[in-house]
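Student: Start counting the sequence shown at 1; every next residue gets the next number (this note's numbering). Positions of the beta carbon are idealized from the N, C-alpha and C atoms, including for glycine.
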Amino acid sequence: MPAASCDSPLADIEDIVSREDSKPQDRYFSRKSIVPKVRIRNTQKCLQEEDDPPSDSTIPGIQKIWIRTWGCSHNNSDGEYMAGQLAAYGYKITENPSEADLWLLNSCTVKNPAEDHFRNSIKKAQEEDKKVVLAGCVPQAQPRQDYLKGLSIIGVQQIDRVVEVVEETIKGHSVRLLGQKKSNGKRLGGARLDLPKIRKNPLIEIISINTGCLNACTYCKTKHARGNLASYPIDELVDRAKQSFQEGVCEIWLTSEDTGAYGRDIGTDLPTLLWKLVEVIPEGAMLRLGMTNPPYILEHLEEMAKILNHPRVYAFLHIPVQSASDSVLMEMKREYCVADFKRVVDFLKEKVPGITIATDIICGFPGETDQDFQDTLKLVEDYKFPSLFINQFYPRPGTPAAKIQQVPAHVKKQRTKDLSQLFHSYNPYDHKIGERQQVLVTEESFDSKFYVAHNQFYEQVLVPKNPIFMGKMVEVDIYESGKHFMKGQPVSNAKVYTPSISKPLAKGEVSGLTEEFRHVLENGTRTEAPVSVKGLGAGPGTGFWMPRMLPDGGLKTLSLALALLALLIAFFMKMQP
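What follows is the structure, encoded as C-alpha cells:
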C-alpha cells in the first residue's frame, strides 16, 4: 500500500481496485500470516517519516459518514442504497455533519440553486477538513468542472461500489468511477435492486423502475447524467416490492426520469408492470406512480385508467406540461402539444373520478412571449391543479436552451410571481370538509405537531399524533382544509387497519441483508469468504463486498487491534537500515 496520499486524482477507481485485485477483507486475512522483522533504520530517515504513517494505519469501515441528498425521489433512492451498503460494511451513518469523518454529497443538476447548494457544501467540507465523496447527476454530467478537481466521484450507475470509493477516499486517494452498467453490450438500468439500503422512512420504499429517458429536452441537464432509457426487468421489480412488504413497508413509490417510457427498451410497457405489482401489494398498502410525460401515457390511457382505479393504487399522476404554448413546447423539444396534455388530463378525470393531477410549469423559457405566458395562466385557471410545481427558468451549462436568447431576468421573476399568485388564489380542498375518508399514515409533519397521511387521491391529510396510527389505515372525518392539506379527526371506535405483513424495520436499520449475514452479526462467526447480499454473487466483480463482523462491539475491538498491529509494523519497519 502507498505510504502517503496521492496528490493527483486517478481517472477511475479501477486504477486502484480492479476485478483481479484483492478486496478489503482479503487484504486483511492475507496480512495475518505476515511476521514483521526488526531492522535498523537510518535515524534521520526515521525522524523524517514520523509524521507520515502508512495509509494502512487508517482502518476503513469504522468511520462516521454523513450523507446529504438533493433532488428527485430517484436520487433519494440512490442515497438510501449507498447508506445501506456503507452501514452493512461497518461505517456509522450519522445525521450530524460536524461529527462525520466523511461527507457523501449526492447532487441534483436540474436547477442552478441545487448545484449552488452542492458546491457550497463541498467548500464547507473542505474548510472543516472532511473527506468528501461526490455522487449524483452534477459530477456525472460534468466531472471536469474546476470545483470537482481532486475529489472522489461515484457515478449514478456505480452506486453498488460506494464502499470501495469511500474506502480509498478515507485512505487519502482521489478516485472516480463513472462507467455505465452493461450486460452483453446492452446498457442496464443501473445497480442491482437487491442491494442493502437504509430507508429514510422505514414505511416507504422508493423503487427506480428505469433510468434515463427517450427525450432530448433542450433545457435538461439530467439527460447528460442519466442518459438514454434503460429499464429493469419486471421480475426484479416485483421481487423488490415483495421484499419491501416483508420488511414492513406499507407504501411504494415508483420513480424514474419518465415512468411512462418504462419497458420500451426491453419489449414491455408500464401497464404490464403495474398489473404485476398490484398482485403482490397487501390489502391496505398503497402504490404511488411517479412522473410520466404526456407522449408515452397517451398510448395506454385505457389501461392506466383501470390501474388508477385499483383500490391499492393512489389515483394520482404527475404529468408535466411545462408550458401551454405549442411554440414554446417546440423550442423545448417536448414531443407533444398542449392538446395532447389536455386529452390525457380530461380522459383521466372522466374515467378516474377525483384523480389528482400534478404538473410542472417553467416560467420565462427562452422565446416565451407575453401571450405564451397568458396561455399558461389560462390553463392553470381552467384546471386548477391542486399540485403545481412552478420553476423559474435557469439556463444549465451545456444545454441547447442556454445558447438561445434569454428572457430578461426581471420578466422571468415577474411571471413566476404572477403564476404563484394565481395558484394560491384557489383552495382545492374546501369542498371536502365533512367527508369521511380512509387515510394511510406514513410520517410526521415538519412542525412535529401532526402525523401525515394520504387518502385514495394522494391528498395530504393531517391527523393527531397517536403512535397507534403510524403505518396504519385510519378512518377520519375531514374538519378543516388549507392550500396543501386537510385535517382529519379519527372516527371514534373505527377500526385501525394494519396493512403491513410484518413489523417495519427500525429507523436506520439496514434492509436487504441475507440470513447468512444476519447469522454472522448475531454469532460472530467468520470465514475468509466475503459475505454476499441477497441475489449477489460473492466473487470478484460483483460490485459489493462485506467484512465478517463481530457482535456487541466486536467490530470496534477488531478495528482497534488492527490499528495497533499496523502501528507496530510501522515501528519495526522504521527500525530497519
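What do you reckon, are the CB atoms on Thr218 and Lys349 nearer than 7 Å?
Tutor: Taking 7 Å as the Cβ cut-off, Thr218 and Lys349 do not qualify as a contacting pair.
Student: Sort Pro282, Gly364 and Ile307 by Cα distance to Gln322 and report the nearest one.
Tutor: Cα-wise, what sits closest to Gln322 is Gly364.
Student: Please check the pair Arg240 and Asp194, which I expect to be a contact at CB under 8 Å, by giving their CB distance rounded to whole angstroms.
Tutor: 7 Å
Student: Straight-line CA distance for Gly284 to Thr222?
Tutor: Those two C-alpha atoms are separated by around 35 Å.
Student: Indicate the three-state DSSP secondary structure (helix, strand or coil) for Thr69 in the structure shown.
Tutor: strand
Student: Which residue marks the beginning of the alpha helix (DSSP H) containing Glu95, and which one marks its end?
Tutor: From DSSP, Glu95 is part of no alpha helix (DSSP H); its letter is neither H nor E.
Student: Residues in the same chain with beta-carbon distance under 8 Å from Pro648, minus the five sequence neighbours each way, listed in chain order, please.
Tutor: No answer is possible for residue 648: the residues shown for the chain start at 1 and end at 577.
Student: Checking 7 Å against the spacing of the C-beta atoms, do Ile159 and Ala191 come in under that value?
Tutor: yes
Student: Taking the beta strand (DSSP E) that Thr272 falls in, what are its first and last residues?
Tutor: Note, Thr272: premise wrong, no beta strand (DSSP E); alpha helix (DSSP H) at Leu270 to Val278.
Student: Check whether the stretch 120 to 135 touches the stretch 162 to 170, counting contact only when three or more Cβ pairs, one atom from each stretch, lie closer than 8 Å.
Tutor: yes
Student: Does the beta-carbon of Ile433 have 16 or more other beta-carbons within 10 angstroms, so that it is buried, or is it exposed?
Tutor: With fewer than 16 other Cβ atoms within 10 Å, it is exposed.
Student: Going residue by residue through the stretch 474 to 513, where are the continuous beta strand (DSSP E) segments of at least 3 residues, counting only ones entirely within it?
Tutor: Counting only runs of at least 3 residues, the stretch 474 to 513 fully encloses the following beta strand (DSSP E) elements, listed from N- to C-terminal order: 486 to 490.
Student: Could you tell me if Asn184 is buried or exposed, where buried requires 16 or more neighbouring beta carbons within 10 angstroms of its beta carbon?
Tutor: Asn184 is exposed by the Cβ-count criterion.
Student: Going straight from the alpha carbon of Val352 to that of Glu302, what length do you get?
Tutor: 10 Å
Student: Would you list the one or two residues that DSSP bridges to Ile153?
Tutor: Leu134 and Arg176
Student: Going by beta-carbon coordinates alone, are Val120 and Thr69 separated by less than 7 Å?
Tutor: The question names Val, but residue 120 is Asn in the sequence shown. One thing to note: Asn120 has its Cβ no nearer than 7 Å to the Cβ of Thr69.
Student: Curious, which full-length beta strand (DSSP E) runs of at least 3 residues does the stretch 205 to 240 contain?
Tutor: none
Student: How far does the alpha helix (DSSP H) with Gln414 in it extend, from its first residue to its last?
Tutor: Ala409 to Phe423
Student: Note down, one range per segment and in chain order, each alpha helix (DSSP H) of at least 4 residues found wholly within the stretch 352 to 413.
Tutor: Correct list: 370 to 383.
Student: Per the DSSP calculation, Glu350 is bridged to which residue(s)?
Tutor: Glu350 pairs with nothing; no bridge assigned.
Student: Between the C-alpha atoms of Val344 and Trp275, what's the straight-line distance to the nearest angstrom?
Tutor: 20 Å
Student: Spell out the partners DSSP gives Tyr451 in its beta bridges.
Tutor: Glu444 and Val463
Student: Three-state secondary structure (DSSP) at Gln322?
Tutor: strand
Student: What is the DSSP secondary structure of Glu251, counted as helix, strand or coil?
Tutor: Strand at Glu251.
Student: How long is the line joining the alpha carbons of Tyr479 and Leu462, rounded to whole angstroms?
Tutor: Distance between the alpha carbons of Tyr479 and Leu462: 11 Å.
Student: Can you tell me where the beta strand (DSSP E) with Met286 in it begins and where it stops?
Tutor: Met286 to Leu289
Student: Candidates Glu299, Gly212 and Leu237: which alpha carbon is nearest Asp258's?
Tutor: Gly212
Student: So what does DSSP say about Asn184, is it helix, strand or coil?
Tutor: Reduced to three states, the DSSP call for Asn184 is coil.
Student: What does DSSP give as the partner residue(s) for Arg436 in the beta ladder?
Tutor: Asp477
Student: Spatial neighbours of Ser231 within its chain, please: CB distance less than 7 Å, with the 5 preceding and 5 following residues excluded, ordered by chain position.
Tutor: Within the same chain, Gly189, Ile209, Asn210, Tyr262, Gly263, Asp265 and Ile266 come within 7 Å of Ser231 by CB-CB distance, once the 5 residues on both sides are set aside.
Student: Do Thr356 and Phe393 count as a contact pair if the criterion is CB distance below 7 Å?
Tutor: no
Student: Relative to the alpha-carbon of Arg176, which residue among Ile198, Gly136, Leu308 and Gly290 has its alpha-carbon at the smallest distance?
Tutor: It is Gly136.
Student: Look at Gln126 and Tyr91 and say whether their C-beta atoms are less than 7 Å apart.
Tutor: In this structure, Tyr91 does not lie closer than 7 Å to Gln126 by Cβ.
Student: Decide if Phe423 is buried, meaning its Cβ has at least 16 other Cβ atoms within 10 Å, or exposed.
Tutor: buried
Student: Assuming Asn106 is part of the beta strand (DSSP E), what are its boundary residues?
Tutor: It spans Leu102 to Ser107 - the beta strand (DSSP E) in which Asn106 sits, taken as one unbroken run.
Student: Spell out the partners DSSP gives Leu301 in its beta bridges.
Tutor: According to DSSP, Leu301 bridges with nothing at all.
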